[in-house]
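> Handing you this structure, nothing more for now.
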Amino acid sequence: MEIYLSPFCLNFFTQTTNQILHISSETTKGMDGETPKLKDQILETGASSTQSFEPVNSICAHLNAFHVYASNPSRHVEANHYCTHLSADLRQCLIYDTPKNPARLIGIEYMVPKAVYERLDVEERKLWHSHVYEVKSGMLIMPNAIVPETVWDTAETAEMKELVGLYGKTYHFWQVDRGDALPLGTPQLMMSFTADNQIPWETVRNRDERYGIKTEKKRDLRQRIESPEILDDADSCWKGR
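According to full-length UniProt numbering, the sequence shown is numbered sequentially starting from 1.
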């Protein structure tokens, strides 16, 4: 299967991939505990030259936003998405709790355009969420520490024009927001914020400070992005609230 690359990924593949795959000076840990054994450290260090990581090397975008639990939208968690474009109609993302090691793999998200989403049956569509508010509010960002801000803003805004019309299906396996040391229990269906009055703004401001960005500025830059109609069955956790 050939991997589809959006214009953003074509233009910024090298920079983004280098950020994502940068080898941290910290050794990854799972649970709180001792540093991995010597054999594991050697494997981590040498594997890149002895094994193929082709699926991971196809990651071409880092997205940061917040997910809410479909079963309890008052709970939210920051989500770092590392995404591969399998085709023009399907993206898949690994979701981590942090962009730096030790980073915990907490979930996955799939994204499809409206043309694919509307072909799904009604019950399936209820499991998906829209990205219109995330994009237009400025909350969905693509962290960057290499490209000059003005250049990056242009590239990021162009990518948001594609993301705004996509629908996502997300499950989290690890409930880090409640302090779990392991991925416990059943997978949790996650959704996105859809309105200003749902947002934990202090949490967003803390995120912005860490990345050196301002959500309000991104909101202004995206005002000209057209807001597509959101199909009725999406964002089901907010219906009737």
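Cβ atoms here follow ideal geometry from the backbone N, Cα and C, with glycine treated the same way.
Would you tell me roughly how many angstroms separate the C-alpha atoms of I213 and S71, rounded to the nearest one?
In the sequence shown, counting from the first residue as 1, residue 213 sits at position 213. In the sequence shown, counting from the first residue as 1, residue 71 sits at position 71. Rounded to the nearest angstrom, the two C-alpha atoms are 31 Å apart.
> Classify N57 as buried or exposed, calling it buried when 16 or more other Cβ atoms lie within 10 Å of its own Cβ.
Taking the sequence shown and counting its residues from 1, one reaches residue 57 at position 57. Around the CB of N57, fewer than 16 other CB atoms lie within 10 Å, so the residue is classed as exposed.
> Assuming T98 and C60 are in contact, meaning their beta carbons sit under 8 Å apart, how far apart are those beta carbons, in whole angstroms?
By one-based count along the sequence shown, residue 98 stands at place 98. By one-based count along the sequence shown, residue 60 stands at place 60. The pair is not a contact, with the Cβ atoms about 20 Å apart (cut-off 8 Å).
> Is the beta carbon of V116 closer than 8 Å to that of residue 256?
Residue 256 lies beyond the stretch modelled for the chain, which goes from 1 to 241, so this question has no answer here.
> Going along the chain, which residues of its own chain have a beta-carbon closer than 8 Å to the beta-carbon of D235, five neighbours each way excluded?
For the purposes of this step, residue 235 is taken as residue 235 along the sequence shown, with counting starting at 1. When the five nearest sequence neighbours on each side are left out, the beta carbons in the same chain lying within less than 8 Å of the beta carbon of D235 are those of H129, S130, M191, S192 and T194, in order along the chain.
> How would you label F66, buried or exposed, when you count the other beta carbons within 10 angstroms and need 16 or more for buried?
As a position in the sequence shown, residue 66 is number 66, starting the count at 1. Under this definition F66 is a buried residue.
> Would you say C93 and H76 are within 8 Å of each other, going by their C-beta atoms?
In the sequence shown, counting from the first residue as 1, residue 93 sits at position 93. In the sequence shown, counting from the first residue as 1, residue 76 sits at position 76. Contact: no.
> Measure the Cβ-Cβ separation of L163 and L140 and say whether it is below 8 Å.
Stepping through the sequence shown from its first residue, residue 163 is reached at position 163. Stepping through the sequence shown from its first residue, residue 140 is reached at position 140. Yes. Within cutoff.
> Which class does Q198 belong to by DSSP, given the choice of helix, strand or coil?
If you number the sequence shown from 1, residue 198 lands on position 198. Q198 falls in the helix class under three-state DSSP.
> So the candidates are M111, Y211 and I199; which of them puts its Cα closest to the Cα of K169?
In the sequence shown, counting from the first residue as 1, residue 169 sits at position 169. Comparing Cα-Cα distances from K169 to each of M111, Y211 and I199, the minimum goes to M111.
> Label I23 either buried or exposed according to how many other C-beta atoms from any shown protein chain fall within 10 Å of its C-beta, with 16 as the threshold for buried.
Start at 1 with the first residue of the sequence shown, and residue 23 comes out as number 23. Confidence is the limiting factor: at I23 the pLDDT is only 38, short of 50, which leaves the residue's position unreliable and the question unanswerable from this model.
> What first and last residue would you give for the beta strand (DSSP E) that runs through T215?
The residue given as residue 215 occupies position 215 in the sequence shown. No beta strand (DSSP E) contains T215, which is instead part of the alpha helix (DSSP H) from T215 to L221.
> Just list the beta strand (DSSP E) runs in the stretch 168-196, keeping only unbroken ones of 3 residues or longer that don't cross its boundaries, in chain order.
List check, beta strand (DSSP E) in window: 188-192.
> In terms of residue numbering, what span does the beta strand (DSSP E) encompassing P113 cover?
Along the sequence shown, one-based indexing puts residue 113 at 113. L105 to P113 is the span of the beta strand (DSSP E), which, as asked, contains P113.
> Taking DSSP as the reference, what is the three-state secondary structure of P228?
Here residue 228 is taken as the residue at index 228 of the sequence shown, counted from 1. Coil at P228, not helix or strand.
> Straight-line CA distance for I230 to T50?
Numbered from its first residue, the sequence shown carries residue 230 at position 230. Numbered from its first residue, the sequence shown carries residue 50 at position 50. Looking at the two C-alpha atoms, the distance is approximately 46 Å.
> Considering only the beta carbon of each residue, do P55 and D89 sit closer than 8 Å?
Taking the sequence shown and counting its residues from 1, the one referred to as residue 55 is at position 55. Taking the sequence shown and counting its residues from 1, the one referred to as residue 89 is at position 89. Taking 8 Å as the cut-off, the Cβ atoms of P55 and D89 do not count as close.
> Please confirm whether L86 and Y96 have their CB atoms less than 8 Å apart.
Your numbering for residue 86 matches position 86 in the sequence shown. Your numbering for residue 96 matches position 96 in the sequence shown. Cβ distance not < 8 Å, so L86 and Y96 don't count as in contact.
> Going residue by residue through the stretch 52-105, where are the continuous beta strand (DSSP E) segments of at least 3 residues, counting only ones entirely within it?
61-69, 72-87 and 90-96
> Please classify L127: does DSSP put it in a helix, a strand, or coil?
For the purposes of this step, residue 127 is identified with residue 127 of the sequence shown, where counting begins at 1. In the structure shown, L127 sits in coil (DSSP, three-state: anything other than H, G, I, E or B).
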